[in-house]
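Chain order of the listed sequences is A and B. Going from the first sequence to the numbering used here is simple: count from 1 and add 2. Going from the second sequence to the numbering used here is simple: count from 1 and add 2.
There are 2 protein chains.
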Amino acid sequence: MAGTDATRSPDWSPDGPVTILVAPQMGENIGAAARAMWNFGLRRMRVVNPRDGWPNSRAIANASGAGGVLDEAQLYETTEAAVADLHRVYATTARPRGLTKQVLTPEAAMAEAHGLIAQGARVGFLYGPERSGLENADVVLAQAIVSVPVNPAFASLNLGQCVLLLSAEWRRQIDRTPPEQLHLPGAELALAEDVTRMLEHLEAELDAAGFFHLEHKRPTMVETLRNIFRRAPLTDRDVQTLRGVIRALANGPRRRG
Amino acid sequence: MAGTDATRSPDWSPDGPVTILVAPQMGENIGAAARAMWNFGLRRMRVVNPRDGWPNSRAIANASGAGGVLDEAQLYETTEAAVADLHRVYATTARPRGLTKQVLTPEAAMAEAHGLIAQGARVGFLYGPERSGLENADVVLAQAIVSVPVNPAFASLNLGQCVLLLSAEWRRQIDRTPPEQLHLPGAELALAEDVTRMLEHLEAELDAAGFFHLEHKRPTMVETLRNIFRRAPLTDRDVQTLRGVIRALANGPRRRG
């Protein structure tokens, strides 16, 4: 599962929100968070009071190609220190437990973050420890809460998955990959006139074979065939292949015999 | 990281595309795929020729609360059999290796899938084995390719992550969670007139304290203060708390002394 060609997306940039892991427990999850970030072009990680110290060898082992995110990560003793130089902070959590707070979808939060960052603001997202999530003392440092709308019958996103979904949403809103592209390895799209000639060839052979024996049905049949072969995007080579197929069927051994 | 209240999202439904894992290798990844699906309300999994047989105990152990997805999963010997009763098939892969094919973003593919399913069509997404991805023989069974636009400098999504991102995108497009909600545990939003009285109280105490000693600056200062306290959504209890704060500051020991 890889992605687009670098040349198609010239806008991958080091700017973006800061990912702040508060008291993360498992090194594997720190590594997974780094990979999730870097998959979607986010680079800036802060780590608050990690359970197993810093640097964390299991995090490094699990980050594989995203080790640079860990190399550049900043270590803090308190969440307050980790957010001190930010202008806007979001807390990713499901249950604000008694706090009056705005709760945003990832889509709404990232739209806001894009707007603020475009204005020059520094923005961060807080992620709590795996088992317990963010404490209220951390949540009150945030202006708003972000909550992924998951299936209420099965609401279990782990730390790496949560960072992945938010990082993907950050990227989705600015990604310039065309929604639909035609992958044409070593081929060119056929010209309309080449498809027309192929269809004329097909229709002539079908006439010869007596396919259109009910003359009043001919126009509809021809229209249907033309529509089938215009619906798929055909390459010049596809058209050559199909003309070969028509010839083979029209002149093949069975007809000759 | 959990989600919204079930009562807010009454539209979780068993309908949706089929997730087809082709020759998956690790049971852990099959379990992760089940969790990813069920997190976003997708329930129908098909498994083609899994390396370690079926059922897979590591898949079951890793699926935790999403074990029902595995219980109901259907086993096939070939990809062709697994897609036979579907009307439209998408292949998740990065490199079509020589095949002319439409390449869609997850957003575009899921928009199309929603439209087709609404028309009564059955839709499936193929995911290849972890190491090698889908083979061309599988990709040609699909009408289009889906590729997640990841960072070209780090394009490494694993099977579970890929299923997570596509399942989340399926859900995102139909989710009815309000983008922005005010979480108000045991409180009500303050009425405008209560905020007005609090501001009048504040301004009166500031007048008494000589805060507005430059009369020509008074209107701007008052406007700024009113704007600060109108910007945040305040509850009735917040307003009571703030009035207590004003009283304490205005009448506290330091002033008396």
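Glycine included, every Cβ here is placed at the ideal spot set by N, Cα and C. Since the model is a prediction, treat every value here as computed from it, not as a measurement.
Among the options, the one whose alpha carbon lies nearest that of residue i
i, options, result
"A:Thr94", "A:Thr102, A:Ile22, A:Pro154, A:Ser59", "A:Ile22"
"A:Pro154", "B:Leu184, B:Thr179, B:Thr81, B:Tyr78", "B:Thr179"
"B:Pro151", "A:Val50, A:Leu201, A:Met112, A:Arg174", "A:Arg174"
"B:Ala96", "B:Ala120, B:Asn138, B:Thr80", "B:Asn138"
"A:Arg45", "A:Ala83, A:Ala75, A:Ala61, A:Arg199", "A:Ala75"
"A:Tyr92", "A:Val20, A:Phe42, A:Leu227", "A:Val20"
"B:Gln27", "B:Gln145, B:Ala61, B:Leu191", "B:Ala61"
"A:Ala211", "A:Thr243, A:Gly254, A:Leu191", "A:Gly254"
"B:Arg249", "B:Leu208, B:Arg233, B:Thr222", "B:Leu208"
"B:Arg228", "B:Pro57, B:Leu251, B:Val50, B:Ala194", "B:Ala194"
"B:Gln242", "B:Glu79, B:Leu201, B:Leu159", "B:Leu201"
"B:Leu38", "A:His218, A:Ala252, A:Asn160", "Residue identity differs from the one stated: residue 38 of chain B is Ala in this sequence, not Leu. Nearest C-alpha to B:Ala38: A:Asn160."
"A:Gly43", "A:Ala252, A:Met223, A:Ile176, A:Asn51", "A:Ile176"
"B:Asp54", "B:Leu77, B:Leu216, B:Leu167", "B:Leu77"
Cutoff 7 Å: residue i Cβ touching any chain E Cβ
i, result
"A:Asn229", "Within the model displayed, chain E is absent; protein chains A and B are what it includes."
Beta-carbon gap between residue i and residue j smaller than 7 Å
i, j, result
"A:Ala68", "A:Ala25", "no"
"A:Glu182", "B:Ala110", "yes"
"B:Gly162", "B:Asn31", "yes"
"A:Leu236", "B:Gln104", "no"
"B:Trp172", "A:Phe156", "no"
"B:Phe213", "B:Arg220", "no"
"B:Ala192", "B:Asp140", "no"
"A:Ala84", "A:Arg124", "no"
"A:Leu186", "B:Thr107", "no"
"A:Ala65", "A:Gly18", "no"
"A:Glu79", "A:Asn58", "no"
Inter-residue spacing [alpha-carbon to alpha-carbon] between residue i and residue j
i, j, result
"B:Asp73", "A:Arg99", "35 Å"
"B:Leu135", "B:Tyr129", "The residue asked about is misnamed: residue 135 of chain B is Gly in this sequence, not Leu. Approximately 7 Å between the Cα atoms of the pair."
"A:Glu205", "A:Asp196", "14 Å"
"A:Arg245", "B:His116", "36 Å"
"B:Ala29", "B:Leu118", "As written in the sequence, residue 29 of chain B is Gly, which differs from the Ala given in the question. Each residue's Cα considered, the two are about 31 Å apart."
"A:Ile147", "A:Ser169", "16 Å"
"B:Ser149", "B:Val165", "12 Å"
"A:Glu132", "B:Ala189", "29 Å"
"B:Thr226", "B:Arg199", "16 Å"
"B:Asp240", "B:Arg233", "13 Å"
"A:Gln121", "A:Thr81", "24 Å"
"A:His203", "B:Gln145", "26 Å"
"B:His89", "A:Leu143", "50 Å"
"A:Leu251", "B:Ala63", "55 Å"
"B:Ser158", "B:Trp56", "27 Å"
"B:Val224", "A:Asp87", "29 Å"
"A:Ile230", "A:Val71", "50 Å"
"B:Val247", "B:Leu167", "47 Å"
"A:Leu216", "A:Thr222", "11 Å"
heavy atom of the ligand COA below 6 Å from residue i C-beta
i, result
"B:Glu182", "The model on display carries no ligand, and the ligand COA is accordingly not part of it."
message = Suppose only complete runs of 4+ residues qualify. What are the alpha helix (DSSP H) ranges in the segment 78-156 of chain A, listed by chain order?
response = Fully enclosed alpha helix (DSSP H) runs of 4 or longer: 81-85, 108-120, 138-141.
Members of the segment 128-139 of chain B that neighbour chain A once the beta carbon cut-off is set at 9 Å = If you check each beta-carbon in the segment 128-139 of chain B against every beta-carbon of chain A, the ones closer than 9 Å belong to Tyr129, Gly130, Gly135.
query = In chain order, which continuous runs of the alpha helix (DSSP H) of length 4 or greater are located wholly inside the segment 11-52 of chain A?
reply = If we require 4 residues or more, the alpha helix (DSSP H) runs fully inside the segment 11-52 of chain A come out as 29-41.
task = Scan the segment 22-34 of chain B for residues whose Cβ lies nearer than 8 Å to a Cβ of chain A and list them as they occur along the chain.
result = Taking a C-beta cut-off of 8 Å against chain A, none of the residues of the segment 22-34 of chain B qualify.
inquiry  = What are the residues in the segment 42-54 of chain B lying within 7 Å of chain A by C-beta distance?
reply    = Within the segment 42-54 of chain B, contact with chain A at the beta-carbon level (separation under 7 Å) is assigned to Phe42, Gly43.
key: Residues, ordered as in the chain, of the segment 179-196 of chain A that lie near chain B by beta-carbon distance below 7 Å   = Of all residues in the segment 179-196 of chain A, Thr179, Pro181, Glu182, Gln183, Leu184, His185, Leu186, Pro187, Ala189 have a Cβ within less than 7 Å of some Cβ in chain B.
key: Short-range partners of chain B found in the segment 54-72 of chain A, where Cβ spacing is below 8 Å   = Taking a C-beta cut-off of 8 Å against chain B, the contacting residues of the segment 54-72 of chain A are Ser66, Gly67, Ala68, listed in chain order.
inquiry  = Using a Cβ-Cβ cutoff of 9 Å, what residues of the segment 245-256 of chain A are near chain B? List them in chain order.
reply    = Taking 9 Å as the Cβ-Cβ cut-off, the segment 245-256 of chain A has no residue approaching chain B.
task = Let me know the alpha helix (DSSP H) ranges lying completely inside the segment 214-248 of chain B, each 4 residues or longer, listed in chain order.
result = Considered as a whole, the segment 214-248 of chain B harbours 220-233 as its complete alpha helix (DSSP H) runs of no fewer than 4 residues, in chain order.
ask   = Which ranges would you report for the beta strand (DSSP E) in the segment 158-208 of chain A if only whole runs of at least 3 residues count?
value = Whole beta strand (DSSP E) segments, 3+ residues: 182-185.
Chain-ordered residues of the segment 159-178 of chain B with a beta carbon less than 9 Å from chain A = Of all residues in the segment 159-178 of chain B, the ones placed with a Cβ closer than 9 Å to any Cβ belonging to chain A are Leu159, Asn160, Leu161, Gly162, Gln163, Cys164, Leu166, Leu167, Ala170, Glu171, Arg173, Arg174, Asp177, Arg178, in chain order.
request  = May I ask you to list, following chain order, the residues of the segment 76-105 of chain A that have a beta carbon less than 8 Å from some beta carbon of chain B?
outcome  = Answer in chain order: Thr94, Thr95, Ala96, Arg97, Pro98, Arg99, Gly100, Leu101, Thr102, Lys103, Gln104, Val105.
Where the segment 147-158 of chain A meets chain B: residues whose CB sits under 8 Å from a CB there = So the list reads Ile147, Ser149, Val150, Pro151, Val152, Asn153, Pro154, Ala155, Phe156, Ala157, Ser158, given in the order they occur along the chain.
task = With 7 Å as the C-beta to C-beta threshold (strictly closer), list the residues of the segment 207-232 of chain B near chain A in chain order.
result = Per Cβ criterion, the list is empty.
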